[in-house]
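Asks: Numbering (my numbering), first residue to last: 1180 to 1569. We treat Cβ as the ideally placed atom computed from N, Cα and C, and that holds for glycine. Everything numeric in this text was worked out from a predicted model, so none of it was measured. Pasting in a structure now, in structure tokens, and then I'll have a few things to ask.
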């Protein structure tokens, strides 16, 4: 080590840069973040090389973060200097290498081998060439697990307070660490070298298990369904963008976007084209950096009594109302299905029968001057005139 300190840093190839290689999540939401730069402030956790350390705070509720590997090592794997995740897909190295078929390709384990490999890659210009990672073409596994372009700032939260875990923290609300109990599991046992080399990474193992259990879209039995449902459509995605993504699989009949629901419906002219698009774009449709959800559309329920109920096209409304157990309102011919809130029986109301209807009509007629009321009026007048006659 003393011999290396006596050497010239420039001739020895030590890193001296003005800005780190970090992802958007680690950088934080503040565009005016203030960084601390320390030349040769630490040694790389992978290669052991001295490098320029950057330290900053990515948010008010976040912890201070710093670079932990040198830029040469980060460029060799196209990863962030802080979280060691892929810069393009925001995925662990193990997941990306398995999807691209580059498992086992990386730096040697020995210190001398790492120095030689980094020097050769720098001389050949391979460190600045990201084509083998960023321009590898569409990949089904990467598209399924890609997290989109939305940063996950929850990853920058402060660490758990160890004094709070022991019940001895006396800072209260002023404590800069989180007052939560830690969770035991494989995700809590991670180290830097396993994350970088893509071996025994619990996060990658969890994501690969999730990809293996993803269900494929099963086409519905009804062959008349040729519409696909698209979920998670943001305002920046237009109907033309959707049409351009679905047109390569067949002729698109219509594209209808619903802004309030953040969804859209794509209808094909043939069922074969719809099945081809559903099989190709399920779990991997990304438009303008947004990962969208693709599902088969469902047929609309029949409205009114015009169709769908029986063989003669009747019973769509009356059959539905009778099947639901709703009471028919007096004097009305209901042809549409009723909702549960429209059932008068729920509030204690009982629909009147034919006998009760006749009796009520007779009472209303008597109160207007017919029936018994006309016979009682002359008797009252006779009683009133009796004293006057005496």
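What residue ranges within the stretch 1261-1307 form continuous alpha helix (DSSP H) runs of no fewer than 4 residues, ordered along the chain?
Replies: Whole alpha helix (DSSP H) segments, 4+ residues: 1272-1279 and 1290-1303.
Asks: Flag this pair as touching only if the stretch 1403-1416 and the stretch 1367-1380 have three or more C-beta atom pairs under 8 Å; answer yes or no.
Replies: Of all C-beta pairs linking the stretch 1403-1416 to the stretch 1367-1380, fewer than three are shorter than 8 Å, placing the two stretches out of contact.
Asks: Quick one, are the C-beta atoms of residue 1335 and residue 1241 less than 8 Å apart?
Replies: Sequence index remark: in the chain shown, residue 1335 carries index 156 (1-based). Sequence index remark: in the chain shown, residue 1241 carries index 62 (1-based). Result yes, Cβ atoms of residue 1335 and residue 1241 sit closer than 8 Å.
Asks: Grab the span of the alpha helix (DSSP H) containing residue 1371 for me, first residue to last.
Replies: Start at 1 with the first residue of the chain shown, and residue 1371 comes out as number 192. That run of the alpha helix (DSSP H) goes 1371-1376.
Asks: Return the residue from the list 1213, 1431 and 1268 that minimises the CA-CA distance to residue 1447.
Replies: Within the chain shown, residue 1447 is the residue found at index 268, counting from 1. That would be 1431, whose Cα lies nearest to the Cα of residue 1447.
Asks: Which residue's Cα is closest to the Cα of residue 1460: 1427, 1433, 1436 and 1247?
Replies: Your numbering for residue 1460 matches position 281 in the chain shown. Selected option, being the one with the closest Cα: 1427.
Asks: Should residue 1412 go down as buried or exposed, given a rule of 16 or more other Cβ atoms within 10 Å for buried?
Replies: Taking the chain shown and counting its residues from 1, one reaches residue 1412 at position 233. Burial call: buried.
Asks: Spell out whether any CB of chain C is found under 8 Å from the CB atom of residue 1434.
Replies: The question asks about chain C, but that chain is absent: this structure has only one protein chain.
Asks: Suppose the cutoff is 6 Å on Cβ atoms and the five residues either side in sequence are ignored; what does the same chain contact list for residue 1434 look like?
Replies: For the purposes of this step, residue 1434 is identified with residue 255 of the chain shown, where counting begins at 1. For residue 1434, same chain residues with a beta-carbon under 6 Å away, outside a window of 5 residues either side, are 1418, 1421, 1422 and 1445 in chain order.
Asks: In angstroms, rounded to a whole number, what distance separates the CA positions of residue 1471 and residue 1237?
Replies: Numbered from its first residue, the chain shown carries residue 1471 at position 292. Numbered from its first residue, the chain shown carries residue 1237 at position 58. C-alpha separation (whole angstroms): 28 Å.
Asks: Do the stretch 1353-1361 and the stretch 1293-1303 touch if we need at least three Cβ pairs shorter than 8 Å?
Replies: no
Asks: Given residue 1274, which residues of its chain have a CB within under 7 Å of its CB, disregarding the five upstream and five downstream residues?
Replies: Position 95 of the chain shown, counted from the first residue, corresponds to residue 1274. If we look at residue 1274 and ignore the five residues flanking it on each side, its Cβ neighbours are 1324, 1383, 1386 and 1387.
Asks: Smallest Cα separation from residue 1369: which of 1362, 1239 and 1381?
Replies: As a first step, residue 1369 must be located in the chain shown, where it is residue number 190. If we check each option's Cα against that of residue 1369, 1381 comes out closest.
Asks: Where does the unbroken beta strand (DSSP E) through residue 1229 begin, and where does it stop?
Replies: Counted from its first residue, the chain shown places residue 1229 at position 50. Residues 1229-1235.
Asks: Kindly list the residues whose CB is nearer than 6 Å to the CB of residue 1567, restricted to its own chain and excluding five residues on each side of it in sequence; keep chain order.
Replies: Along the chain shown, read from residue 1 onward, the residue named residue 1567 stands at position 388. For residue 1567, the predicted model reports a pLDDT of 48, less than 50, meaning its position is unreliable; a value from the coordinates is still stated below. So the list is empty, once near-sequence residues are dropped.
Asks: Could you have a look at residue 1442 and say whether DSSP puts it in helix, strand or coil?
Replies: For the purposes of this step, residue 1442 is identified with residue 263 of the chain shown, where counting begins at 1. Residue 1442 falls in the strand class under three-state DSSP.
Asks: Measure the alpha-carbon distance for residue 1256 versus residue 1478 and round it to whole angstroms.
Replies: One-based indexing of the chain shown puts residue 1256 at position 77. One-based indexing of the chain shown puts residue 1478 at position 299. As the crow flies, the alpha-carbon of residue 1256 is around 48 Å from that of residue 1478.
Asks: Can you tell me whether residue 1253 is buried or exposed? The criterion is at least 16 other CB atoms within 10 Å of its CB, across all chains shown.
Replies: As a position in the chain shown, residue 1253 is number 74, starting the count at 1. With 16 or more Cβ atoms within 10 Å of its Cβ, residue 1253 is classed as buried.
Asks: Indicate the three-state DSSP secondary structure (helix, strand or coil) for residue 1386 in the structure shown.
Replies: In the chain shown, counting from the first residue as 1, residue 1386 sits at position 207. Correct three-state label for residue 1386: helix.
Asks: Can you round the beta-carbon distance between residue 1203 and residue 1231 to whole angstroms, since I take them to be within the 8 Å contact cut?
Replies: Here residue 1203 is taken as the residue at index 24 of the chain shown, counted from 1. Here residue 1231 is taken as the residue at index 52 of the chain shown, counted from 1. Their Cβ separation, rounded to whole angstroms, is 21 Å, which puts residue 1203 and residue 1231 out of contact at 8 Å.
Asks: Where does residue 1416 land, buried or exposed, given buried means 16+ other C-beta within 10 angstroms?
Replies: In the chain shown, the residue the question calls residue 1416 occupies position 237. Burial call: buried.
Asks: Taking the Cβ atom as the reference point for each residue, do residue 1295 and residue 1208 lie within a distance shorter than 8 Å?
Replies: Counting from 1 along the chain shown, the entry for residue 1295 is found at position 116. Counting from 1 along the chain shown, the entry for residue 1208 is found at position 29. No. Outside cutoff.
Asks: Mind checking who residue 1407 pairs with in its DSSP beta bridge?
Replies: Taking the first residue of the chain shown as 1, we reach residue 1407 at position 228. According to DSSP, residue 1407 bridges with 1445 and 1475.
Asks: Residue range of the beta strand (DSSP E) that residue 1395 falls in?
Replies: Within the chain shown, numbered from 1, the residue matching residue 1395 stands at position 216. Per DSSP, residue 1395 lies in no beta strand (DSSP E) segment and is marked neither H nor E.
Asks: Under the three-state reduction of DSSP, which class applies to residue 1436: helix, strand or coil?
Replies: Along the chain shown, one-based indexing puts residue 1436 at 257. Here residue 1436 sits in strand by DSSP.
Asks: Just how far apart, CA to CA, sit residue 1424 and residue 1278?
Replies: Indexing the chain shown from 1 puts residue 1424 at position 245. Indexing the chain shown from 1 puts residue 1278 at position 99. A straight-line Cα-Cα distance of about 23 Å links residue 1424 and residue 1278.
Asks: From the DSSP secondary-structure annotation, give me the bridge partner or partners of residue 1329.
Replies: If you number the chain shown from 1, residue 1329 lands on position 150. The partner list for residue 1329 (beta bridge, DSSP) is empty, contrary to what the question assumes.
Asks: What residue range is occupied by the uninterrupted beta strand (DSSP E) comprising residue 1218?
Replies: Within the chain shown, numbered from 1, the residue matching residue 1218 stands at position 39. Counting along the chain, residue 1218 sits inside the beta strand (DSSP E) bounded by residues 1214-1222.
Asks: I need the boundaries of the alpha helix (DSSP H) containing residue 1341, first residue and last residue.
Replies: As a working note, residue 1341 is residue 162 in the chain shown. Residues 1341-1345.
Asks: Going by C-alpha distance, which of 1320, 1270, 1390 and 1225 is nearest residue 1291?
Replies: Residue 1291 sits at position 112 when you count from the first residue of the chain shown. For the residues 1320, 1270, 1390 and 1225, the minimum Cα distance to residue 1291 belongs to 1225.
Asks: Would you call residue 1170 buried or exposed, if buried means 16 or more other Cβ atoms sit within 10 Å of its Cβ?
Replies: With the chain represented from 1180 up to 1569, any question about residue 1170 goes unanswered, as that position is not in the structure.
Asks: I need the straight-line Cα distance from residue 1289 to residue 1223, nearest angstrom please.
Replies: To locate residue 1289, count along the chain shown from 1; it is residue 110. To locate residue 1223, count along the chain shown from 1; it is residue 44. Approximately 14 Å, taken between the alpha carbons.
Asks: Can the beta-carbon of residue 1339 be found less than 8 Å from the beta-carbon of residue 1247?
Replies: Indexing the chain shown from 1 puts residue 1339 at position 160. Indexing the chain shown from 1 puts residue 1247 at position 68. If you check the CB distance, residue 1339 and residue 1247 do not come in under 8 Å.
Asks: Could you check what DSSP says for residue 1336 in three-state terms: helix, strand or coil?
Replies: On the chain shown, residue 1336 is found 157 positions in, with the first residue counted as 1. When secondary structure is reduced to three states using DSSP, residue 1336 falls in the strand class.
Asks: Could you pull out every residue in the same chain whose Cβ sits closer than 6 Å to the Cβ of residue 1220, ignoring the five residues on either side in sequence?
Replies: For the purposes of this step, residue 1220 is taken as the residue at position 41 of the chain shown. Here the set comprises 1232.
Asks: Whole angstroms is fine: what's the gap from residue 1463's alpha carbon to residue 1345's?
Replies: Taking the first residue of the chain shown as 1, we reach residue 1463 at position 284. Taking the first residue of the chain shown as 1, we reach residue 1345 at position 166. Distance between the alpha carbons of residue 1463 and residue 1345 is about 45 Å.
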